[in-house]
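Peer 1: Chains as they are written, first to last, in the numbering used here: chain A, 2 to 348; chain B, 11 to 460.
1) Residue 116/A lies in the alpha helix (DSSP H); which residues open and close that run?
2) Here's the rule I'm using: 16 or more other beta-carbon atoms within 10 Å means buried, otherwise exposed. How should residue 143/A be labelled?
3) Listing by chain order, which chain A residues have their CB less than 9 Å from the CB of residue 356/B?
4) Just checking, does the stretch 208-223 of chain A make contact with the stretch 271-282 of chain A on the three C-beta pairs under 8 Å criterion?
5) Return the bridge partner residues of residue 319/B from the DSSP annotation.
6) Relative to chain A, which residues along the stretch 285-306 of chain B have a C-beta separation below 7 Å, given in chain order?
7) Pull up the CB-CB distance for residue 413/B and residue 237/B, whole angstroms please, since I reckon it's below 8 Å.
8) Taking a contact to mean a Cβ-Cβ separation below 8 Å, would you say residue 245/B touches residue 354/B in this structure?
9) Using a cut-off of 7 Å between C-beta atoms, extract the partners of residue 189/B located in chain A.
10) Which of the residues in the stretch 266-284 of chain A, read from start to end, lie with their CB under 7 Å from any CB of chain B?
11) For residue 445/B, count the other beta carbons within 10 Å of its own beta carbon; 16 or more makes it buried, fewer makes it exposed. Which is it?
12) Might you give, ordered along the chain, the residues of its own chain that have their beta carbon closer than 8 Å to the beta carbon of residue 218/A, omitting 5 neighbours on each side?
13) Below 8 Å, can you find three or more Cβ-Cβ pairs linking the stretch 4-13 of chain A to the stretch 29-38 of chain A?
14) Using a Cβ-Cβ cut-off of 8 Å (strictly less than) and excluding sequence neighbours within five positions of residue 203/A, which residues of its own chain qualify?
15) Tell me whether residue 263/A is buried or exposed, calling it buried when 16 or more other Cβ atoms sit within 10 Å of its Cβ.
16) Thinking C-beta only, is residue 132/A closer than 8 Å to residue 288/A?
17) Residue 17/A and residue 42/A look like a contact to me (Cβ under 8 Å); what is the Cβ gap, rounded to whole Å?
18) Quick one: residues in its chain with C-beta nearer than 6 Å to the C-beta of residue 103/A, no 5 flanking neighbours on either side, listed in chain order?
19) Would residue 383/B pass as an interface residue toward chain A - the criterion being a Cβ-Cβ separation below 8 Å?
20) To the nearest angstrom, how far is the alpha carbon of residue 80/A from that of residue 65/A?
21) So which residues on chain A does residue 192/B lean against when the C-beta distance must stay under 7 Å?
22) With 9 Å as the C-beta to C-beta threshold (strictly closer), list the residues of the stretch 193-220 of chain B near chain A in chain order.
23) Would you mind telling me which residues of chain A sit closer than 9 Å to residue 428/B, beta carbon to beta carbon, in chain order?
24) Using a Cβ cut-off of 9 Å, pull out every chain B residue sitting near residue 327/A, in sequence order please.
25) Can you tell me whether residue 96/A is helix, strand or coil according to DSSP?
26) On the CB-based measure, 16 or more other CB atoms within 10 Å of its CB, does residue 256/B come out buried or exposed?
27) Report all residues from its chain with a CB closer than 7 Å to the CB of residue 274/A; omit the five preceding and five following residues, and keep chain order.
28) Quick one: what's residue 234/B bridged to in DSSP?
29) What does residue 311/B touch in chain A if you count any residue whose Cβ is under 9 Å from its own?
30) Name the one or two DSSP bridge partners that residue 48/A has.
31) Could you pull the start and end residues of the alpha helix (DSSP H) that residue 269/B belongs to?
32) Does any residue of chain A have a CB that is nearer than 8 Å to the CB of residue 438/B?
33) With distances taken between CB atoms, is the gap from residue 246/A to residue 319/A smaller than 8 Å?
34) Taking the alpha carbon of residue 174/A as the reference point, which residue from 316/A, 327/A and 300/A has its own alpha carbon closest?
35) Mind pulling the chain A residues with CB within less than 7 Å of residue 308/B?
36) As a quick exercise: from 249/B, 328/B and 404/B, pick the residue whose alpha carbon is nearest that of residue 418/B.
If you want it as structure tokens, here you go:
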């Protein structure tokens, strides 16, 4: 008799892939996916239950199926995917409260896995270069996903106080990237010309989507508890990423970034919130010691490899590709050689 | 030079430097007895005796005792109990690992003036050494046989390091340089370089950033570096220096000094104020140049990673102080840098920088302007803002940078970082050492500009 796992947020890209993956897991006998809309993609053997986590019905689902492990992946990152900021906030905050209330009532629940984000650390010039799990944000994120995630983590902490018998693990993921997933960052990086904040070159870490699923799997079937940062090794600078794609960047003076961001948002291209702009100014890097020691997870992709895979998968090659640059270098070298041999024969 | 003479000279230097009577010789030795007990390697304020940090196991002369024997120094009275305590552990490792940083033997120190050690040599482990000269196995593996004698009034150790091989000679050099430059451009255009978690970009720093400021270092300020051998060849160390001169040129010059003069060409990882990291352009360049936010988290992480970290604990109080207070050390913060060194067990290297204060003599402040611009101060110098942009050219003062003997912190233990008494005492000791070295360097500098 294996675990009975409930995955909240199964109709979203990662949730669906995760449910499909869990089914194949030997220690798991049953996977129940919950979401408000039916999954647009195949979730394999996993059972889909149409339920809103904002509704107390979720408690019945948990009780009837005798769920022992709950994986909460239903914190939404972008307002566009939730139909506006108001409903996004409601799904994130009220949904989490209801789900946790249901878990608290269910004596069978033994494990709770929450997919959180490194966004809870915010981004500011006063933060240390790397955030450990104990580091508090110097400037708390006060908009969007980051703020919601801070609140969600607060409720989860409250839950673990009230139900000390439940093992709680919260994974704070760095920006997840890959050929399939769509996030605010992938939207941004897909722009033909990347607007950047003038005079800033943020550092960031990435996590490949496959690695994020593996980390979630380990958190679900393993026995790690507590808060764990999850990110790929190494960091990239935004300018570096743009050059790896061969795409031009346009520095935008700090004072006008808000306006530019709003225009881009209107055009429906990118989700440019204040939080996103701060991230694009100051960047964010997390310490992943606990990921190795507590979770026992070793990412297969480094930040650079994850990014390359994303660029390859989406075919995001700009005009100034690496091949072209190499050719130019060869041409320049040959030209210099010719000029010098001519000068040499003259003298 | 007798002690009294030296003292008079230092006092004169202090007066010349605009120092009030605050740091007269009487108050100078505020290093408390508590510290002398706790930290054997720290030179006791009054001891004129040579102090052996730890004997080098393979030195053949009679001057340094064998590792297991008690210290017997015929030349001088013995410093009580301290050396024995420190010698046991390093000595036992020394023979097996001759390449590891060997314990130094420090020469007698005229503590009244805190002049540089009279003679310090780094000899090859088997090389002969005269009995009059204190010998220690070199910290550097490559420079084992290089002799480095720094006499009291000898000319500075050596000039700025030679530039990378100049391609003026044969055509191959030029070809290689062109190819190198093109490869650099290609790496930059394709993003083919790595930065560390702090945003440090060694490729850019070595090929661009340091080159930008090297003319300033060599031609404009003509920086002279002393005591570079006090910086270990590898492993973490914390360089603590004085700050001055409106713009933090001293940090940049120290970075170049460490990179160019040190045989291992180490990079100095500087700790900067948060204002640096919220300022556009500056923030980007600072991170790429190896700086990070001044704070215990970053300092400890860098030191733990075996990096060479530079800190200017006076901060804006130091660079924003008026010219009349030049070379008078301001408050050293809360001693955060000391607790970072204690927690990581890394040595503290006091560093005195002379010359920075005269680059922009601050004769006034415009607090209203500073408030509007959100700056800690808005200086007025004789040329700024009077001469407009020309006022931004720093005066070509003559610079001396001296790295002092490292103060080991590992035997105090990481727990000492939570003992405010130890932290304050060590902070004070570092501060006093820098202040004394500043005075003695000021005495030696012939004039402000030469």
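We put the CB at the ideal spot given by N, CA and C, even for glycine.
Peer 2: Here's the rundown:
1) The continuous stretches of alpha helix (DSSP H) do not include residue 116/A, which lies in the beta strand (DSSP E) extending over residues 112-118.
2) Residue 143/A should be labelled exposed.
3) What residue 356/B touches in chain A, judged by beta-carbon distance under 9 Å, is nothing: the nearest beta carbon there is about 18 Å away.
4) The stretch 208-223 of chain A and the stretch 271-282 of chain A do not touch, with fewer than 3 CB-CB distances between them shorter than 8 Å.
5) Paired residues: 248/B and 279/B.
6) Result list: 287, 288, 290, 291, 293, 294, 302, 303 and 305.
7) That pair is a contact at about 4 Å.
8) Result no, Cβ atoms of residue 245/B and residue 354/B do not sit closer than 8 Å.
9) Correct list: 334.
10) Contact annotation: in the stretch 266-284 of chain A, no residue has its CB less than 7 Å from a CB in chain B.
11) Around the beta carbon of residue 445/B, a 10 Å sphere encloses 16 or more other beta carbons of the protein chains shown; the residue is thus reported as buried.
12) Within the same chain, residue 218/A has close Cβ partners 19, 22, 23 and 26.
13) Contact between the stretch 4-13 of chain A and the stretch 29-38 of chain A is present, because at least three Cβ pairs lie under 8 Å.
14) The answer, listed in chain order, is 124, 238, 239, 280, 281, 282, 283, 284 and 285.
15) Result: exposed.
16) Contact flag set, yes.
17) About 5 Å separates the beta carbon of residue 17/A from that of residue 42/A, a gap short enough to meet the 8 Å contact definition.
18) If we look at residue 103/A and ignore the five residues flanking it on each side, its Cβ neighbours are 59, 60 and 63.
19) By this cut-off, residue 383/B is not an interface position.
20) In this structure, the straight-line span from the alpha carbon of residue 80/A to that of residue 65/A is close to 32 Å.
21) Here the neighbours are 330, 333 and 334.
22) Those would be 193, 195, 196, 198, 199, 200, 201, 202, 203, 204, 205, 206, 207, 208, 209 and 211, in chain order.
23) What residue 428/B touches in chain A: nothing, since even the nearest Cβ is about 17 Å away.
24) Chain B residues near residue 327/A: 196 and 200.
25) In the structure shown, residue 96/A falls within a helical segment according to DSSP collapsed to helix, strand and coil.
26) Around the beta carbon of residue 256/B, 16 or more other beta carbons sit within 10 angstroms, so the residue counts as buried.
27) For residue 274/A, same chain residues with a beta-carbon under 7 Å away, outside a window of 5 residues either side, are 144 and 145 in chain order.
28) Bridge pairing for residue 234/B: 410/B [DSSP].
29) Result: 129, 130, 131 and 288.
30) 33/A, per the DSSP bridge assignment.
31) Residues 259-271.
32) No, residue 438/B lies away from the interface with chain A (no Cβ there is under 8 Å from its Cβ).
33) Their beta carbons are under 8 Å apart, which means residue 246/A touches residue 319/A by this criterion.
34) Ranking the options by Cα distance to residue 174/A, first place goes to 300/A.
35) Under the 7 Å cutoff, chain A gives 129 and 130.
36) Of the residues 249/B, 328/B and 404/B, the one whose Cα lies closest to the Cα of residue 418/B is 249/B.
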